[in-house]
Ligand code: AMP
Ligand code: ZN
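In our numbering, the protein residues as written are 1 to 143.
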C-alpha cells in the first residue's frame with residue numbers, strides 16, 4: 001500500500017533520502033528535517049495509511065511500541081529531560097503530510113520551546129457534559 005504522490009511513501013521506497021533511526025518490516029523512524037527541537041523524530045507505518053482511525057489494531061500496537069522505543073532512546077541517547085509525542089489528523093489540526101506519523105520530540109531544560117496551548121474554559125458544567133455526551137455518541141460499540 002503506497003501512494004505515488006506521498007513524500008513519506010517516497011522515503012519508504014528509497015526514492016527520497018532520510019536519516020533513519022529505526023526500521024523493521026512495518027515501521028520506520030527517521031529524523032524530521034524541520035525539527036521543533038534537534039532530535040525530533042518521526043515514526044510512520046511503511047504502508048500509506050491515514051488518518052489514525054484507519055490503522056489496523058496490530059499495526060497501531062507496533063507503531064506505539066516503536067514510539068516508546070524512540071522516547072526511551074531520546075532520553076538515553078540525547079539525555080533528554082522530557083519528551084513530547086504528538087500526532088495530527090487533518091489539515092485543520094496542522095497536518096501537512098497525509099501519511100500517519102507520530103512526532104517524538106525531545107525536550108530539554110531551557111530549550112525555550114513553548115507550545116501555544118491557550119487553554120479555554122466551558123461556560124458551565126452542563127456545557128461540558130453536553131460535549132462529553134456528543135463524544136460518547138460517536139464511540140464504537142467495542143474498542
Ligand atoms: P505534520 O505537520 O504533522 O504533517 O508533520 C509533517 C512533518 O514532516 C513536519 O514536521 C516536516 O518537517 C516533516 N517533513 C516533511 N518532509 C520531510 C522529509 N523529506 N524528511 C523528513 N521530514 C520531513
Ligand atoms: Zn504515504
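Where is the CB? At the ideal position from N, CA and C, for every residue including glycine.
Bear in mind the structure is a predicted one, so any value in this text is a computation, not a measurement.
| Does the separation of the CB atoms of residue 100 and residue 49 fall below 8 Å? | Here residue 100 refers to the residue found at position 100 of the chain shown. Here residue 49 refers to the residue found at position 49 of the chain shown. Result yes, Cβ atoms of residue 100 and residue 49 sit closer than 8 Å.
| query | In chain order, what residues of the same chain lie with their CB nearer than 7 Å to the CB of residue 21, ignoring the 5 residues before and after it? | reply | Looking up residue 21 in the chain shown gives position 21. Within its own chain, the residues whose Cβ lies closer than 7 Å to the Cβ of residue 21, once the five positions on either side in sequence are excluded, are 29, 30, 31, 41 and 70, listed in chain order.
| CB residue 46 to CB residue 27, shorter than 8 Å? | Translated into the one-based positions of the chain shown, residue 46 becomes position 46. Translated into the one-based positions of the chain shown, residue 27 becomes position 27. Contact: yes.
| Taking Cβ positions, are residue 144 and residue 83 nearer each other than 8 Å? | Outside the shown range of the chain, which is 1 to 143, sits residue 144, and nothing can be said about it.
| Could you give the residue range of the alpha helix (DSSP H) that holds residue 128? | Translated into the one-based positions of the chain shown, residue 128 becomes position 128. According to the DSSP assignment, residue 128 belongs to the alpha helix (DSSP H) that extends over 125-137.
| said: Cutting at 7 Å between CB atoms, please list the residues of its own chain near residue 72, excluding the five before and the five after it. | reply: Within the chain shown, numbered from 1, the residue matching residue 72 stands at position 72. Hits under 7 Å: none found.
| task | Compute the beta-carbon to beta-carbon distance between residue 85 and residue 103, rounded to the nearest angstrom, for a pair I have assumed lies under 8 Å. | result | Start at 1 with the first residue of the chain shown, and residue 85 comes out as number 85. Start at 1 with the first residue of the chain shown, and residue 103 comes out as number 103. Confirmed, Cβ separation roughly 7 Å.
| What are the complete beta strand (DSSP E) segments, minimum 3 residues, inside the segment 62-128? | Runs of the beta strand (DSSP E) inside the segment 62-128: 82-86 and 102-107.
| Alpha carbon of residue 88 to alpha carbon of residue 63, nearest angstrom | Within the chain shown, residue 88 is the residue found at index 88, counting from 1. Within the chain shown, residue 63 is the residue found at index 63, counting from 1. One C-alpha to the other measures close to 15 Å.
| message | Since residue 8 and residue 44 should fall inside the 8 Å C-beta cutoff, what is the C-beta to C-beta distance between them, to a whole number of angstroms? | response | Here residue 8 is taken as the residue at index 8 of the chain shown, counted from 1. Here residue 44 is taken as the residue at index 44 of the chain shown, counted from 1. Between residue 8 and residue 44 the beta-carbon gap is near 5 Å, inside 8 Å, which marks them as a contact.
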